[in-house]
Structures are given as C-alpha cells and as structure tokens.
Amino acid sequence: MAEVLLRVEKLSKTYANGVQALKNVDLEVQQGEFLVIIGLSGSGKSTLLRCLNRLQEPTSGNIFFQGQDVSQMQDVRDIREVRRQMAMIFQHFNLIPRQSVLKNVMMGRLADKTLWQSFWGIFSAEEKRQALDNLRLVGIAEKAPVRADQLSGGQKQRVAIARALTQKPTLLLADEPVSSLDPATCHVVMDYLRKINQELGITVIANLHFLSLVRKYATRVVALKDGEIVFRGRPDEITEEWFRRIYGEGAQDVAPNDL
Amino acid sequence: MLRRTIFDGVLFGFLLSVLTAAVLAPTEEQLLQLGIVSVWILIFFALGCVLSGALTRLRVNTLGAVLFGPLAAAEPEDRAWYRLFWKWQLLVALLAAFVVAVVKTEFSFIELFDQHGFAGAVRLFKGLLNPNWEVLPRAVLNIVETIFMAFLATSLAIPLAFVLSFVCAKNIMQGPVARVVYFVLRTFLNVTRSIEALIWAIIFSVWVGIGPFAGMLALMIHSVASLAKQYSEMVESVEEGPIEAIESTGANKLQTIWYAIVPQVLLPYISFTVYRWDINVRMATIIGLVGGGGIGTMLVQYQGQAMWREVGCIIAVIAVVVWALDQASAHIREALK
Ligand SMILES: Nc1ncnc2c1ncn2[C@@H]1O[C@H](COP(=O)(O)OP(=O)(O)O)[C@@H](O)[C@H]1O
Ligand SMILES: [Mg+2]
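Chains as they are written, first to last, in our numbering: chain H, 868 to 1126; chain B, 123 to 459.
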C-alpha cells in the first residue's frame, strides 16, 4: 500500500460569523491518489481545502502532512513551506492580470525568493526554463509572452496549473477547477490534472460537481454535507441514489451524465 | 428617530436663535461671550428637539421626518405644497439663512455701484485686458518654477503615499495591532488632509522661510495625505483571488502585496498621481500668494502696487499653463483607462 500523505483528524472550522463550516472531519489521503470531494455549494468543500494550507485557520483538529502537524504550526515560515508543497488552483484561476503568462508561472517560485529578488523580479535562467517546461506540459508554451488576461478560461486554468507545478508540490489542491469552464474545456483541464497526477505522481484533491467527471477522474470520492463527511468510497460506488442523498432531491438537475 | 430629532432640533434651534437675536439685538461684545452664547444655543437646540417630538405627536410631518423617517402621518399625494408643514419649514429656514447671510456679509448695492469704487474696477479691468507683455519673460520663468515646485511636491509625495496606502487599507491591516495602526494613521491623514495647502504654506513659510521651498513642502504634505487616501481606497477594492493565489504559493506578506496587489492598482495610481500634479500646479499658483514662491508671489507683488497691466500678463500666463496641463492630464488619464 502507498503511504499516507495527509491525515486530517477531527477538523472543525467555525467562522467569525458563527457558521460551522466543518464539523469533526476525518480524512486520510494516500500518496498518488486523485481524491474528489463532492457536495452542495456551502457544504464546506472550499473551507476544507483552505484549512489544509492554512489560508483559513482551523478552529480545532489536526492536519498531519508528511508527518508534520500543519494545524499546530506557529512559525509563518513553516506555514509558507507547507503552502509551497500544497499548491492550489481556483475556480476563477486567480492569475495576475496585466502580467505575462511566463511571469505568472514563475510566481510559483516566490517562496524561495529573497525580498531583493522579489522586488526586482529576478528569476534565474533555470527557473525560467522550468516555467516554460511546465507551460509545455499543459500545452501552452507558445502563450508564454502573452498577457494573462487575454487568455480564454481554459487557457488560464492551464497557466494556473503550470504555476502550481512550478512550486514543485507534492499535493495539489484544486477548488472547483472546472466550474467556470464549458463542458469541452472542462475535460481538457481535467485531463491535464490526471496527467500530472499519473505522470508526475502529484497527489490531487479536487472539488467537483458533476458525477460524470467524478466517475471518470477520481480514484476515490468523499462527499460533504453541511460540514460533515457523509460518503466515502470508490467512484463506482456512488450510485444515483447516493448522489441524490448528497445533493438533495433536485439532484437530477445537477447530475448531467451526458457531459 | 435620532437623526430626525437632531436635524429638526438644529433647524428649529437656528430659527429660534435668529428670532431672539433679531428681537434682543445683542452687541458684538455680548456675542463674544462664548460660554453664555453656547448655553443659549444649547437651550434653543433642546427646545427644537422638544418641538420636533411634539409635532410628531401631533402627527405633523417635520422635515427631519421626511428626510430620515419614520413619517408621523401618511402624506396624501395630491395635497398642495403650502399645506405641508415641512415645506414651510424648509422655506422659512432657507429664508432665514439667506437674511442672516446678507446681514453678515454686509451686502450692499450702494457699494457695488458706488461711483468711486466702480471707476476703480473699470481701471482694473482695463489694465487686465491690456496686459503689459514686458513682464512676460519673468512670468514664464516664474511659472516654470511653479510647475517644477508642483512636480517635486508630487514626486516626493508618491513613495510616502505609496507605503501609507497599504498601511491604511482595511483589507491589509488585519489583526488587533494592525487595526490600531490603521486607525491612528487614517485619523492622522484625515486631519492632515482637512488642513488646506494654503495653511500648510503659511506654517512652512515661518518654518523654512518664505519661498518656493515652503510652498513645495506645503503641497507635498497635502499631496501625501490626499494620495494616500485615494491609493488606499484602490487597495481596498482589489480582487481577493490573486491575493489568495500568491499567498498559496508560499509567498510572504510583502511579496503578496508586490505581486498580487500592486499590479492591480498601478494604473489607477498613475492616473491619480497625474491628476494630483495637475491640481498641485493650480494650488502652487495660489500658494505663492502667501509667500510660497513661484508665479503667485510675483502676482502678489504687482497686485500690491496696483500694476494691473502686469497682473493681466501674469494671469494670462497662468491661465494658459493651467489649461494646457488640465488638457494633458485629462488625455493621459483617459489613455490609462
Ligand atoms: N470567509 C467566510 N466567513 C464566513 N462564513 C464563510 C466564509 N467562507 C465560507 N463561509 C460559510 O461556510 C460555509 C461553507 O462554505 P464553503 O466552504 O465555501 O462551501 P463550498 O466550497 O462547499 O461551497 C458556507 O455556509 C459559507 O457561507
Ligand atoms: Mg467553494
């Protein structure tokens, strides 16, 4: 069996406004998995991912990542190192507008930069080469000099993936990576995510909505409902009935199997 | 409720004060007794508040109730204006304010059309419209000084305002200590900004002596405060997404500001800065009047000697330069959009 990369124990998150977004979540992720988290909007998927890399502060519970307890880290430098190792991509891509694609990708290296280097934007030839390699990996090396805001949605998400790869991560957190893309582009992006999962051995945790995508790409599925895990299993174990239970009775509408 | 009472209280209190002043006709000496006067004013204000409450009881809509709600009584659509209490209230208050203003400014048609004074004005306009172009070289030299004074003030203000803008942005300053710093700096800048550049110029002309340096410092202080405010509003309105993305690469706070926020605010910053320079040139001409150097100082010298033809020339130069800069800055800002 592969070794455990991430273990989440009794993780809870209560926001300042009193919303209990996560309630005692337990989760184990093996090295090399493609874990998909499903659940309605507001079920706590984003909160879970954002607690893992401490973009949000967990209220209680533990997060063991490669043997270290991320939830207990005090030193911001340790937290930053964890963030570097857990790269993240987002629903709205979150590239820096008005900057070139190459520059956006090289931002994945910021964690190792001194203030002086960051201030002047000094990146070595080696780093530039790596950034270009990663762009090539997601098939848009030719866009390197283009301004990031001039790309289409699918291209932006691929740039975001390249930026994530430049961090040399062991884990990739993908928060609804295809939710603002059209169905065709959706598969292109998901295919690249699978590629980096299988070829580079990077573990992926992705929030997804469509059952068809879950079945096609996930190696394991976890479902969240109101901040609690209500299903764990293989993608083929998630039946229509389960799906309705997770997504409520209107599930027909959100489960287009014809994607 | 509270706002209605205060508003009506001030309005009625004002009317009562005016009436009392008209009846008692207090002397200047008496009006200068700040303590007594404030007691009177407070009494009038309190009476006004009581009156407002009483009218509400009587189901009469006061102006405060119409503005801030809640209405004391429903208001039929078709009621004629002169049958609405609050319209009378507004009318009377405005009239009273107008009368007081006329009295206070010693408004006088007699002086406006006084034979002697009128002739003086005619002489002045004749001079202005017939400029003496001999002082043109000096005027040009001085306006160049003014332009560069404004330029230096703006340039020196940029880095200060740039740094301050992040420290004065709510979305950056999170956490208890940061909040205190944020609040203190914000207040400090608000106070600084509310003091006109002209006042700063007077302060600095005492401090460093009359001349362009004092004017430049005055403009700089004012620019720092104004730019920091505008800049920080831009920082507060940036998109959160890129910030999260850069943070999640493991970047530190400064890197996040530099890579996620600065690219988003740079263009608006430049736009504000160009506009500020434009404003500063205009202000610089005024600041010269109180000893801030540049063309304003020259203007004041000729004006003091009633040399209106020379003043005319200077005003023409100022008008041309201000107009040109205004145009230039508008075009640049348009292009930056
Ligand atoms: N920053 C926040 N402050 C307060 N409440 C939040 C915040 N972010 C999310 N929430 C709340 O937490 C719950 C879970 O949200 P989220 O994790 O974004 O769910 P999902 O990603 O599954 O749509 C929701 O009820 C949401 O309103
Ligand atoms: Mg979400």
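Where a beta carbon is used, it is the ideal one built from N, C-alpha and C, also for glycine.
Comparing C-alpha positions only, which one of H:Ile930, H:Glu876, H:Leu1075 and H:Val943 sits nearest to His1054 of chain H?
As a working mapping, residue 1054 of chain H is identified with position 187 in the first sequence. His1054 of chain H has its Cα closest to that of H:Leu1075, out of H:Ile930, H:Glu876, H:Leu1075 and H:Val943.
At a Cβ cut of 7 Å, what residues of the segment 1006-1022 of chain H count as close to chain B, listed as they run along the chain?
Nothing from the segment 1006-1022 of chain H brings a Cβ to less than 7 Å from some Cβ of chain B.
Measuring CA to CA, which of B:Asn402, B:Phe394 and B:Val225 is closest to Lys351 of chain B?
For the purposes of this step, residue 351 of chain B is identified with residue 229 of the second sequence, where counting begins at 1. Answer by Cα proximity: B:Phe394.
Verify the CB distance criterion: does Leu1126 of chain H have a CB-CB separation below 7 Å to chain B?
Within the first sequence, numbered from 1, the residue matching residue 1126 of chain H stands at position 259. Model confidence at Leu1126 of chain H stands at a pLDDT of 41, short of 50, so the residue's coordinates are unreliable and nothing is read from them.
Going along chain H in order, which residues have a C-beta closer than 8 Å to the C-beta of Glu369 of chain B?
Stepping through the second sequence from its first residue, residue 369 of chain B is reached at position 247. Taking the beta carbon of Glu369 of chain B as reference, the chain H residues within 8 Å of it are Leu922 and Arg950, listed in sequence order.
Does DSSP classify Asp1120 of chain H as helix, strand or coil?
Within the first sequence, residue 1120 of chain H is the residue found at index 253, counting from 1. In this prediction, Asp1120 of chain H scores a pLDDT of 49, lower than 50, which makes its location untrustworthy; the coordinate-derived value is nonetheless stated afterwards. Asp1120 of chain H: helix per DSSP, three-state reduction.
Return the chain-ordered list of same chain residues with a C-beta closer than 7 Å to the C-beta of Leu193 of chain B, the five sequence neighbours on each side being excluded.
Translated into the one-based positions of the second sequence, residue 193 of chain B becomes position 71. Excluding five sequence positions before and after Leu193 of chain B, the CB atoms of its chain that fall closer than 7 Å to its own CB belong to Asn183 and Ala187, given in chain order.
Considering only C-alpha positions, which residue in the set B:Phe231, B:Ile163, B:Val257 and B:Ser174 is nearest to Trp208 of chain B?
Residue mapping note: residue 208 of chain B aligns to position 86 of the second sequence, counting from 1. Ranking B:Phe231, B:Ile163, B:Val257 and B:Ser174 by CA distance to the CA of Trp208 of chain B puts B:Ser174 first.
Comparing the C-beta of Ala866 of chain H with each C-beta of chain B, is any distance below 7 Å?
There is simply no residue 866 of chain H to check, as chain H begins at 868 and stops at 1126 in what is shown.
Below 7 Å between beta carbons: does that hold for Lys890 of chain H and Ser908 of chain H?
What you label residue 890 of chain H is simply residue 23 of the first sequence in a count that begins at 1. What you label residue 908 of chain H is simply residue 41 of the first sequence in a count that begins at 1. No, they are not a contact pair.
Among residues of its own chain, excluding the 5 on either side of Ile1072 of chain H, which ones have a beta-carbon nearer than 6 Å to its beta-carbon?
Position 205 of the first sequence, counted from the start, is the residue given in the question as residue 1072 of chain H. Cβ within range, chain order: Leu902 and Leu1040.
When you compare the CB of Gln966 of chain H with every CB in chain B, is at least one pair closer than 7 Å?
One-based indexing of the first sequence puts residue 966 of chain H at position 99. Against chain B, the CB of Gln966 of chain H has a partner CB under 7 Å away; the residue lies at that interface.
Round the Cβ separation of Gly911 of chain H and Leu1091 of chain H to the nearest angstrom and send it over; I've been treating them as touching at under 8 Å.
Reading the first sequence from its first residue, position 44 is the one you call residue 911 of chain H. Reading the first sequence from its first residue, position 224 is the one you call residue 1091 of chain H. Going by Cβ atoms, the distance from Gly911 of chain H to Leu1091 of chain H rounds to 5 Å, so yes, they are a contact pair.
Compute the Euclidean distance between the alpha carbons of Leu1107 of chain H and Lys1010 of chain H, then round it to the nearest angstrom.
Your numbering for residue 1107 of chain H matches position 240 in the first sequence. Your numbering for residue 1010 of chain H matches position 143 in the first sequence. Reading off the sequence, residue 1107 of chain H comes out as Glu, not Leu. CA-CA distance, Glu1107 of chain H to Lys1010 of chain H, rounds to 41 Å.
Continuous beta strand (DSSP E) stretch holding Asp893 of chain H: start and end
In the first sequence, the residue the question calls residue 893 of chain H occupies position 26. Under the DSSP assignment, Asp893 of chain H falls in the beta strand (DSSP E) whose first and last residues are Gln887 to Gln897.
Chain-order list of residues whose beta-carbon lies under 7 Å from that of Ile454 of chain B (same chain, five-residue window excluded)
By 1-based counting over the second sequence, the position of residue 454 of chain B is 332. Listed in chain order, the non-local C-beta contacts of Ile454 of chain B below 7 Å within the same chain comprise Val396, local neighbours out to five positions each way being set aside.
Given this structure, state the Cα-to-Cα distance separating Lys980 of chain H from Trp987 of chain H, to the nearest angstrom.
Your numbering for residue 980 of chain H matches position 113 in the first sequence. Your numbering for residue 987 of chain H matches position 120 in the first sequence. If you take the alpha carbons of Lys980 of chain H and Trp987 of chain H, they lie about 11 Å apart.
Name the DSSP beta bridge partners of Asn1074 of chain H, please?
Position 207 of the first sequence, counted from the start, is the residue given in the question as residue 1074 of chain H. According to DSSP, Asn1074 of chain H bridges with H:Ile904.
Would you report the Cα separation of His959 of chain H and Thr276 of chain B, rounded to the nearest angstrom?
The residue labelled residue 959 of chain H in the question sits at position 92 within the first sequence. The residue labelled residue 276 of chain B in the question sits at position 154 within the second sequence. A straight line joining the alpha-carbon of His959 of chain H with that of Thr276 of chain B spans about 37 Å.
List the residues of chain B whose Cβ lies closer than 8 Å to the Cβ of Gly975 of chain H, in chain order.
Against the first sequence, residue 975 of chain H aligns to sequence position 108. Thr371, listed in chain order.
How many Å lie between Asp1049 of chain H and Ala1015 of chain H at the Cα?
Translated into the one-based positions of the first sequence, residue 1049 of chain H becomes position 182. Translated into the one-based positions of the first sequence, residue 1015 of chain H becomes position 148. Each residue's Cα considered, the two are about 19 Å apart.
Against chain A, which members of the segment 377-390 of chain B pass a CB distance test of less than 9 Å?
Annotation note: the requested chain A is absent from the structure, which comprises protein chains H and B.
Under 7 Å between C-beta atoms, does Ala978 of chain H make it to chain B?
Counting from 1 along the first sequence, the entry for residue 978 of chain H is found at position 111. So yes, Ala978 of chain H belongs to the interface.
For the candidate residues B:Tyr204, B:Trp210, B:Gln211 and B:Thr178, whose alpha-carbon lies nearest to that of Ala196 of chain B?
Looking up residue 196 of chain B in the second sequence gives position 74. In terms of CA proximity to Ala196 of chain B, B:Thr178 leads the group B:Tyr204, B:Trp210, B:Gln211 and B:Thr178.
Answer with buried or exposed for Arg201 of chain B, where buried requires no fewer than 16 other C-beta atoms within 10 angstroms of its C-beta.
Numbered from its first residue, the second sequence carries residue 201 of chain B at position 79. Arg201 of chain B should be labelled exposed.
Residues of chain H with CB closer than 7 Å to the CB of Gly363 of chain B, please, in chain order.
Numbered from 1 along the second sequence, position 241 holds the residue referred to as residue 363 of chain B. At a beta-carbon threshold of 7 Å, the residues of chain H lying near Gly363 of chain B are Phe957, His959 and Asn961, ordered along the chain.
Within chain H, the residues that Asn293 of chain B reaches when beta carbons sit closer than 7 Å
In the second sequence, the residue the question calls residue 293 of chain B occupies position 171. In chain order: nothing, as chain H lies at least about 15 Å away.
Report back the beta-carbon spacing between Val403 of chain B and Ile269 of chain B to the nearest angstrom; my notes put them in contact at under 8 Å.
Taking the second sequence and counting its residues from 1, the one referred to as residue 403 of chain B is at position 281. Taking the second sequence and counting its residues from 1, the one referred to as residue 269 of chain B is at position 147. Rounded, the Cβ-Cβ distance is 6 Å, consistent with contact.
Given 6 Å as the limit, tell me if Val886 of chain H has its C-beta closer than that to any heavy atom belonging to ligand 1.
Against the first sequence, residue 886 of chain H aligns to sequence position 19. The answer is yes for Val886 of chain H.
Check Val875 of chain H in the structure and name its three-state DSSP category.
For this step, residue 875 of chain H is matched to residue 8 along the first sequence. Val875 of chain H sits in a strand when the DSSP states are folded into three classes.
Please compile the residues from chain B whose C-beta is within a distance smaller than 9 Å of the C-beta of Gln887 of chain H.
By one-based count along the first sequence, residue 887 of chain H stands at place 20. Those within 9 Å of Gln887 of chain H in chain B number zero; the least Cβ separation is about 22 Å.
Please name the residue in B:Ile325, B:Ile401, B:Val222 and B:Leu349 whose C-alpha comes closest to that of Val387 of chain B.
Position 265 of the second sequence holds residue 387 of chain B. Shortest Cα-Cα distance from Val387 of chain B to any of B:Ile325, B:Ile401, B:Val222 and B:Leu349 involves B:Leu349.
Using only the alpha-carbon positions, how far apart do Gly434 of chain B and Leu251 of chain B sit?
Sequence index remark: in the second sequence, residue 434 of chain B carries index 312 (1-based). Sequence index remark: in the second sequence, residue 251 of chain B carries index 129 (1-based). If you take the alpha carbons of Gly434 of chain B and Leu251 of chain B, they lie about 6 Å apart.
From Gln377 of chain B to Ile325 of chain B, what distance separates their C-alpha atoms?
Translated into positions along the second sequence, residue 377 of chain B becomes position 255. Translated into positions along the second sequence, residue 325 of chain B becomes position 203. Going from the Cα of Gln377 of chain B to the Cα of Ile325 of chain B covers about 39 Å.
List the endpoints of the continuous alpha helix (DSSP H) containing Phe220 of chain B.
To locate residue 220 of chain B, count along the second sequence from 1; it is residue 98. Phe207 to Lys226 is the span of the alpha helix (DSSP H), which, as asked, contains Phe220 of chain B.
Could you tell me whether any non-hydrogen atom of ligand 2 is closer than 6 Å to the CB of Lys912 of chain H?
Your numbering for residue 912 of chain H matches position 45 in the first sequence. Checking the Cβ of Lys912 of chain H against ligand 2 gives yes.
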